[in-house]
Amino acid sequence: MEQEIEKKISQILELPVNQLIFNYKQNESIVCLDLITINPNHKQSFLFHSVKAIDKNEALEKMLDYILKYHQTENSYTIQWLKIGDKTLNTSYFRSKNIYGVLDKFYYERDLNSYKIYSISLNPIS
Numbered sequence: 015m016e017q018e019i020e021k022k023i024s025q026i027l028e029l030p031v032n033q034l035i036f037n038y039k040q041n042e043s044i045v046c047l048d049l050i051t052i053n054p055n056h057k058q059s060f061l062f063h064s065v066k067a068i069d070k071n072e073a074l075e076k077m078l079d080y081i082l083k084y085h086q087t088e089n090s091y092t093i094q095w096l097k098i099g100d101k102t103l104n105t106s107y108f109r110s111k112n113i114y115g116v117l118d119k120f121y122y123e124r125d126l127n128s129y130k131i132y133s134i135s136l137n138p139i140s
């Protein structure tokens with residue numbers, strides 16, 4: 015059942031399974047699912063969305079529900095950034111309710127001092 019939902023999420027997002035990480039964390043009686051995407055160009059991973067539930071199946075159902083109902087309604091942002099030590103300026107795209115959510119997704123499990131953000135812009139509504 016879990017693999018079927020993970021595959022469905024992959025299909026809806028139009029991303030191959032090898033570009034998604036379903037990171038489950040158990041904290042007492044709560045399961046936290048962090049869905050992480052991997053950019054094939056610069057090989058960096060970013061948080062897509064997090065949900066909390068009582069078990070893995072419920073977490074996957076909540077993630078699927080988010081993707082189907084809410085993801086496209088959030089604001090779209092563009093970030094231009096550089097990993098310290100690299101010379102290539104990268105561009106990444108995020109969806110979030112606000113700029114703080116974008117920064118949380120960008121810096122998920124990262125050292126704040128290892129990356130320099132040059133710009134964050136709210137994309138026009140299309």
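Throughout, my numbering is defined as the position within the sequence shown, counted from one, plus 14.
Yeah, the Cβ is synthetic: ideal placement off N, Cα and C, and Gly gets one too.
- Under the DSSP assignment, Gln25 falls in the alpha helix (DSSP H) whose first and last residues are 16–27.
- Residue burial annotation: Val31 is exposed, with fewer than 16 other C-beta atoms found within 10 angstroms of its C-beta.
- Per DSSP, the unbroken alpha helix (DSSP H) holding Lys119 starts and ends at 113–120.
- At least 8 Å separates the beta-carbon of Ser128 from that of Asn53.
- The beta-carbon distance between Ile81 and Ile23, rounded to whole angstroms, is 6 Å. This is short enough to meet the 8 Å contact definition.
- The beta carbon of Gln58 is closer than 8 Å to those of Ile52, Lys97, Asn104, Ser106 in its chain, skipping five residues each way along the sequence.
- Per the DSSP secondary-structure output, Asn41 pairs in a beta bridge with Ile44.
- Annotation for Leu74: the continuous alpha helix (DSSP H) segment containing it runs 70–83.
- Rounded to the nearest whole angstrom, the C-alpha separation of Glu75 and His56 is 30 Å.
- Shown here for Ile44: same chain residues with a beta carbon closer than 6 Å to its own, the five before and five after excluded, namely Lys66 in chain order.
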